[in-house]
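One structure below.
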Amino acid sequence: MRIAQVAPLYECVPPKLYGGTERIVSYLTEELVQQGHDVTLFASGDSLTKAKLIPICPKALRLDSHCVDQLVHHVRMLEAVVAHQNEFDLFHFHIDYLHFPLSRMMGWTTLTTLHGRLDIADLVPLYREFKEMPVSSISNAQRDPLPWLNWQGTVYHGLPKNQYEFSVKSGGYLAFLGRTSPEKGLDDAIAIAQRSGMPLKIGAKVDNADMEYFERHIKPLTEQSDIEFLGEIGFPEKNELLGGAAALLFPIRWPEPFGIVMIEAIACGTPVIAYSQGSVSEVIEDGITGFLCADVDSAVTSVGEVGRIDRNGCRQRFEERFTADLMSAQYLRMYQGLLRQEGEAIPTSSGVPIV
């Protein structure tokens with residue numbers, strides 16, 4: 056099958072540091088290539104892939120100090136997709152709704168994975184206008200605000216099976232990994248660790264938009280002897296941080312669409328203590344791969360119970376539910392279903408079409 060993967064340009068594919076969507080695009084792209092499909096990746100020029108790379112900008116926009124208008128480069132990317140349109144059987148977009156008018160006009164066979172939150176009022180008239188567009192969700196909870204979209208299915212994120220090493224025992228600390236924005240709940244994570252009497256290691260990205268909040272509300276809390284602020288980290292540092300933790304703290308305050316860090320943790324064998332919002336109850340199985348909590352008090356109680364969680368069981372559930380090969384197989388079934396809807400023969404990696 057000839058597949059175009061169209062990635063956001065904010066981070067390279069895969070990201071060097073923080074980055075969720077681009078990381079998943081990378082895992083999916085490489086898995087499809089390994090299976091023998093003809094894959095082209097539209098992404099930043101510093102991306103690394105075994106697929107054919109069509110670079111749009113020299114490097115990831117977030118790391119480019121000279122970039123002022125990030126939208127410009129995404130519009131240029133859409134023009135590049137048009138220039139190569141006859142080379143593909145299907146286009147898989149990961150850039151939200153930017154391509155909708157173009158895809159409608161060109162009549163392409165597309166799938167759009169929606170990676171972000173959908174509980175935003177401004178989205179309603181836009182998605183009603185383009186309600187025929189085939190879309191996929193990354194959790195069932197993500198769909199709740201817009202259940203009437205043309206959903207093709209839910210595909211949970213997956214990681215390469217051997218990306219993260221299993222750690223049989225912890226180093227006796229708690230971990231937080233994510234952004235320092237208010238909805239990620241880093242202040243609650245610090246409170247949970249302090250009340251539990253355990254050290255906390257923090258791998259966190261500070262966006263410009265969150266700088267004032269970080270300086271005023273978070274930074275003073277991190278200036279304590281039992282708090283280690285590592286800043287923004289990438290791989291393999293994440294493996295060391297997560298693998299050595301007794302638990303990952305995930306005290307979110309928003310309808311999390313998925314939460315890749317949760318499956319990164321359980322891939323290491325590390326249980327997750329999380330507030331049950333958004334997708335969390337779909338990803339974490341209470342009492343098996345972690346604990347679902349409502350507030351700081353219940354999270355502190357869960358820290359005391361974390362020794363009951365079998366780290367081998369966490370790793371096993373990761374391998375059963377959240378691997379890149381499982382994710383790619385589910386996306387391929389969606390691709391085939393969309394091509395059948397268009398009445399087209401479905402090319403396979405062997406070159407023999409499915410009719």
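Residues in the sequence shown are numbered from 56 upward in steps of one, following my numbering.
We put the CB at the ideal spot given by N, CA and C, even for glycine.
The stretch 291-307 makes no contact with the stretch 263-270, as fewer than three CB pairs between them are under 8 Å. With contact defined as three or more Cβ pairs closer than 8 Å, the stretch 364-374 and the stretch 334-350 are in contact. The closest CA to that of residue 334, considering only 325, 323, 351 and 315, is found on 315.
Distance from the CA atom of residue 99 to the CA atom of residue 136, rounded to whole angstroms, is 14 Å. Between residue 308 and residue 240, the C-beta gap is smaller than 8 Å, which places the two residues in contact. If only uninterrupted alpha helix (DSSP H) runs of at least 4 residues are considered, those enclosed by the stretch 146-200 are 155-161 and 178-184.
Residues of the same chain with a CB within less than 6 Å of the CB of residue 283, apart from the 5 flanking positions on each side, are 256 in chain order. Per the coordinates, the alpha-carbon of residue 206 lies some 34 Å from the alpha-carbon of residue 288.
Here residue 383 is near residue 90, since their CB atoms are less than 8 Å apart. For the pair residue 96 and residue 84, the CB atoms are nearer than the 8 Å cut-off.
A direct Cα-Cα distance of roughly 10 Å separates residue 184 from residue 155.
For residue 97, the uninterrupted beta strand (DSSP E) segment begins and ends at 93-98. The criterion of a C-beta distance shorter than 8 Å is not satisfied by residue 324 and residue 296.
8 Å or more divides the Cβ of residue 385 from the Cβ of residue 190. In this structure, residue 214 lies near residue 319, with their beta-carbon atoms less than 8 Å apart. Going by DSSP, residue 275 is part of the alpha helix (DSSP H) stretching over 274-277.
Of all C-beta pairs linking the stretch 117-129 to the stretch 138-145, fewer than three are shorter than 8 Å, placing the two stretches out of contact. Residue 243 is a Cβ neighbour of residue 351, given a cutoff of 8 Å. In this structure, 390 is the residue among 101, 146, 390 and 219 with its C-alpha nearest to the C-alpha of residue 208.
Exposed is the label assigned to residue 180, since fewer than 16 other Cβ atoms lie within 10 Å of its Cβ. Take the alpha-carbon of residue 219 and the one of residue 160: they are about 43 Å apart. The straight-line gap separating the alpha-carbon atoms of residue 378 and residue 395 is approximately 26 Å.
Put simply, of 229, 245, 228 and 360 the residue whose alpha carbon is nearest the alpha carbon of residue 235 is 245. The beta carbons of residue 65 and residue 133 sit no closer together than 8 Å. Taking each of 371, 82, 291 and 249 in turn and checking the Cα distance to residue 280, the smallest one comes out for 249. If you look at residue 234, you'll find it in the beta strand (DSSP E) that goes 228-234.
Annotated as distal: residue 322 and residue 348, with beta-carbon spacing of 8 Å or more. For residue 57, the enclosing beta strand (DSSP E) covers residues 57-61. Assignment of residue 341 by DSSP, reduced to helix, strand and coil, places it in the strand class. Counting of Cβ neighbours within 10 angstroms places residue 57 among the exposed residues, the total staying below 16.
A distance below 8 Å separates the beta carbons of residue 174 and residue 200. Across the set 221, 204 and 187, the C-alpha of 221 shows the shortest separation from the C-alpha of residue 293. Straight-line spacing of the CA atoms in residue 265 and residue 237 works out to 8 Å. The three-state secondary structure of residue 205, taken from DSSP, is strand. In this structure, DSSP gives residue 349 a state outside helix and strand, which the three-state scheme calls coil. Secondary structure at residue 109: strand, using DSSP grouped into helix, strand and coil.
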